[in-house]
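Per our numbering, the sequence shown runs over residues 42 to 424.
Every residue, glycine too, gets a C-beta built ideally from N, C-alpha and C.
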Amino acid sequence: MFSSRARELEISGIRRMFEAAPPGTINLGLGEPDFSPPAAIQEALFDAIRKGYNHYGPSAGILPLRDALAQRYRRWDGRTARESVVVTEGGTEALAACALTLYEVGDEVLVPNPGFVLYAPHARMAGAIPIPYPLDEANGYQPDLEALESRITPRTRVLVVNSPSNPTGSVYAPRVVDRLVDLAREHDLTILSDEVYDEILYVPQGHRSFWGRYERVVVVNSFSKLFAMTGWRLGYLVAPPAVAQQVNKVHYHLVACPSTPVQMAALAGLSAPPRETAEMVREFRARRDLFLRGLKQVPGLRCVIPEGAFYAFPRIDWGLSPLEAAQALLQRGLLCTPGDSFGSLGEGHLRMSFATSRENLRRALRILEEFGEERTSRGRAAP
Ligand SMILES: Cc1ncc(COP(=O)(O)O)c(C=O)c1O
Numbered sequence: 042m043f044s045s046r047a048r049e050l051e052i053s054g055i056r057r058m059f060e061a062a063p064p065g066t067i068n069l070g071l072g073e074p075d076f077s078p079p080a081a082i083q084e085a086l087f088d089a090i091r092k093g094y095n096h097y098g099p100s101a102g103i104l105p106l107r108d109a110l111a112q113r114y115r116r117w118d119g120r121t122a123r124e125s126v127v128v129t130e131g132g133t134e135a136l137a138a139c140a141l142t143l144y145e146v147g148d149e150v151l152v153p154n155p156g157f158v159l160y161a162p163h164a165r166m167a168g169a170i171p172i173p174y175p176l177d178e179a180n181g182y183q184p185d186l187e188a189l190e191s192r193i194t195p196r197t198r199v200l201v202v203n204s205p206s207n208p209t210g211s212v213y214a215p216r217v218v219d220r221l222v223d224l225a226r227e228h229d230l231t232i233l234s235d236e237v238y239d240e241i242l243y244v245p246q247g248h249r250s251f252w253g254r255y256e257r258v259v260v261v262n263s264f265s266k267l268f269a270m271t272g273w274r275l276g277y278l279v280a281p282p283a284v285a286q287q288v289n290k291v292h293y294h295l296v297a298c299p300s301t302p303v304q305m306a307a308l309a310g311l312s313a314p315p316r317e318t319a320e321m322v323r324e325f326r327a328r329r330d331l332f333l334r335g336l337k338q339v340p341g342l343r344c345v346i347p348e349g350a351f352y353a354f355p356r357i358d359w360g361l362s363p364l365e366a367a368q369a370l371l372q373r374g375l376l377c378t379p380g381d382s383f384g385s386l387g388e389g390h391l392r393m394s395f396a397t398s399r400e401n402l403r404r405a406l407r408i409l410e411e412f413g414e415e416r417t418s419r420g421r422a423a424p
């Protein structure tokens, strides 16, 4: 009765844990800001609805928003015009539409390991074969370039990259970005670059987009994190015009068009960047510092310092699988995501989102410290 495509899809580990969590649980499981959308953006949404922007719009998005987004990407390539922009129902739909547009049946697609949960299933849904390449924990989760190159075959078509990264929080170093572009050029690959955390950064060098560095790049981005509007579902992609045109056809057949009033609201946010966005990023930085300082005190746990996004991806040495550890912590009122939900190299890790209040983070740290003490040799030797 069901297609093999559907049968073979697994429910993401993130969702599974979330749905099992009792009320009152401290939630370090989900990847979304705990802020409300900035006031001016909320107002712009109400205003758009009242003014009658409640109908279908162009499938690639309303023109002023495409123009504003093109303007934003002219920072990386001065020639970027609206023809390069397709507005989507979140980064998720942008990634799915790109997969269906760029992957041919039997193609190999390089995806980061550990990496965001959609890349491999999207490849499979499109009939392609995801080939994981390692991010190197010992090197701050930068892509392991040698290992990546060794996985390229004549069937490799696309290289998926994600910086700042979910789940590791790593930000690719400028020389790594350059090298990835060289590899793509040498091997005739398209780069699909997921940059949804491009504004949530804790490093002085800032974000280095793949846009403008290579002719065959598609960048996926989103308003979800930037304006704390994950539930409003708005994202976009930037691609060479010929590619954008092809993706737009697929996108039309998936969703017809993105939400018109939500586009009006996002446009207001781009036209006058709200102070709340900068405040949110400052708060994330303070929480990161607080949380990472606390994690250092947790027995049996080691963590690379995240440089962007809002995730810590510690390695746990508690004699438990990530799922067992996550289940045990859930019983104590703390929700984390098992690291192997993000690929085989997430084995031995938990992902913890610090996009929650400082008070919640302090409570989470107390639970972790107590649990770590019980699980490490000191604790295990005790009767
Ligand atoms: C790396 C990454 N890409 C894409 C998305 C999709 O976000 P959205 O569909 O809300 O834009 C997420 C959401 O968590 C993400 O972490």
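Q) If you run the structure through DSSP and keep just helix, strand and coil, what is glutamate 51? A) Within the sequence shown, the letter at position 10 stands for residue 51. Note: glutamate 51 maps to coil in three-state DSSP.
Q: Apply the 10 Å Cβ neighbour rule to aspartate 229 and answer buried if 16 or more other Cβ atoms are within range, or exposed otherwise.
A: As a first step, residue 229 must be located in the sequence shown, where it is residue number 188. Exposed.
(Q) Quick check: is any heavy atom of ligand 1 less than 7 angstroms from the C-beta of tyrosine 397? (A) Translated into positions along the sequence shown, residue 397 becomes position 356. Here residue 397 turns out to be threonine, not tyrosine, going by the sequence shown. No, ligand 1 has no heavy atom inside 7 angstroms of this Cβ.
Q: With ligand 1 as the reference, list in chain order each residue whose Cβ lies under 6 angstroms from any of its heavy atoms.
A: Gly72, Gly131, Gly132, Thr133, Phe157, Asn203, Asn207, Asp235, Val237, Ser263, Ser265, Thr271, Gly276
Q) Going by Cα to Cα distance, which pick from Ser77, Ile103, Ser250 is closest to alanine 89? A) Reading the sequence shown from its first residue, position 48 is the one you call residue 89. Alanine 89 has its Cα closest to that of Ile103, out of Ser77, Ile103, Ser250.
Q.
Three or more C-beta pairs under 8 angstroms: does that hold for the segment 335–348 against the segment 259–268?
A. no
Q: Ignore the nearest five residues each way along the sequence and tell me which others in threonine 417's own chain have a CB closer than 6 angstroms to its CB.
A: Taking the sequence shown and counting its residues from 1, one reaches residue 417 at position 376. Excluding positions up to five away in sequence, the list reads Pro340, Gly341.
Q) Given that a residue counts as buried once 16 or more other Cβ atoms are within 10 Å of its Cβ, and exposed if not, what is glycine 131? A) Taking the first residue of the sequence shown as position 1, residue 131 is located at position 90. Glycine 131 comes out buried.
**Q.** Cut-off 6 angstroms between Cβ atoms - residues of its own chain near alanine 396, not counting five sequence neighbours on either side
**A.** Here residue 396 refers to the residue found at position 355 when the sequence shown is read from its first residue. Pro74, Asp75, Phe351, listed in sequence order.
Q.
For a test of the three-state rule: what should DSSP assign to glutamine 338, helix, strand or coil?
A. Within the sequence shown, the letter at position 297 stands for residue 338. Of the three classes helix, strand and coil, the one that applies to glutamine 338 here is coil, per DSSP.
Q) What residue from Leu336, Ser398, Phe354 has the CA that sits closest to leucine 33's CA? A) This structure gives no information on residue 33, because the portion of the chain shown stretches from 42 to 424.
Q) Does the beta-carbon distance from leucine 278 to valine 261 come in below 8 angstroms? A) The count along the sequence shown starts at 1 and reaches residue 278 at position 237. The count along the sequence shown starts at 1 and reaches residue 261 at position 220. Yes, these two residues count as a Cβ contact at 8 angstroms.
Q) Can you tell me where the alpha helix (DSSP H) with glycine 310 in it begins and where it stops? A) Numbered from its first residue, the sequence shown carries residue 310 at position 269. Where glycine 310 is concerned, the enclosing alpha helix (DSSP H) stretches over 301–312.
**Q.** Beta-carbon gap between valine 150 and valine 199 smaller than 8 angstroms
**A.** Within the sequence shown, numbered from 1, the residue matching residue 150 stands at position 109. Within the sequence shown, numbered from 1, the residue matching residue 199 stands at position 158. Yes, the pair counts as a contact, with Cβ atoms nearer than the cut-off.
Q: Please name the residue or residues paired with methionine 393 in a DSSP beta bridge.
A: For the purposes of this step, residue 393 is identified with residue 352 of the sequence shown, where counting begins at 1. Beta-bridge pairing links methionine 393 to Ala353.
Q | Span separating the alpha-carbon of leucine 86 from that of proline 299 | A | Along the sequence shown, read from residue 1 onward, the residue named residue 86 stands at position 45. Along the sequence shown, read from residue 1 onward, the residue named residue 299 stands at position 258. Straight-line Cα distance between these residues: approximately 14 angstroms.
Q | Presumed contact (8 angstroms Cβ cut-off) between leucine 391 and asparagine 154, rounded CB distance | A | Start at 1 with the first residue of the sequence shown, and residue 391 comes out as number 350. Start at 1 with the first residue of the sequence shown, and residue 154 comes out as number 113. So it is not a contact: roughly 16 angstroms between Cβ atoms.
Q | Contact under 8 angstroms by Cβ, tyrosine 243 with arginine 329 | A | Counted from its first residue, the sequence shown places residue 243 at position 202. Counted from its first residue, the sequence shown places residue 329 at position 288. Yes.
Q. Given a threshold of 16 other Cβ atoms within 10 Å of its Cβ, counted over all protein chains shown, does asparagine 203 qualify as buried or as exposed?
A. Translated into positions along the sequence shown, residue 203 becomes position 162. Result: buried.
(Q) The alpha helix (DSSP H) that contains serine 191, what's its start and end? (A) Indexing the sequence shown from 1 puts residue 191 at position 150. Start and end: 186–191.
Q. Could you check where the alpha helix (DSSP H) with valine 291 kicks off and where it finishes?
A. For the purposes of this step, residue 291 is taken as the residue at position 250 of the sequence shown. Segment 282–296, the alpha helix (DSSP H) holding valine 291.
Q) Mind checking whether valine 222 and tyrosine 255 have CB atoms under 8 angstroms apart? A) One-based indexing of the sequence shown puts residue 222 at position 181. One-based indexing of the sequence shown puts residue 255 at position 214. Yes, they are a contact pair.
Q: Kindly indicate the opening and closing residues of the alpha helix (DSSP H) around tyrosine 160.
A: Looking up residue 160 in the sequence shown gives position 119. Element bounds for tyrosine 160: 160–166.
Q) Apart from the five residues just before and just after alanine 80, which ones in its own chain have a Cβ nearer than 8 angstroms to its Cβ? A) Taking the first residue of the sequence shown as position 1, residue 80 is located at position 39. So the list reads Pro315, Glu317, once near-sequence residues are dropped.
Q: Give the single residue among Glu324, Ala313, Glu388, Glu236 whose Cα lies nearest to the Cα of isoleucine 82.
A: In the sequence shown, residue 82 corresponds to position 41, counting from 1. Per the Cα distances, Ala313.
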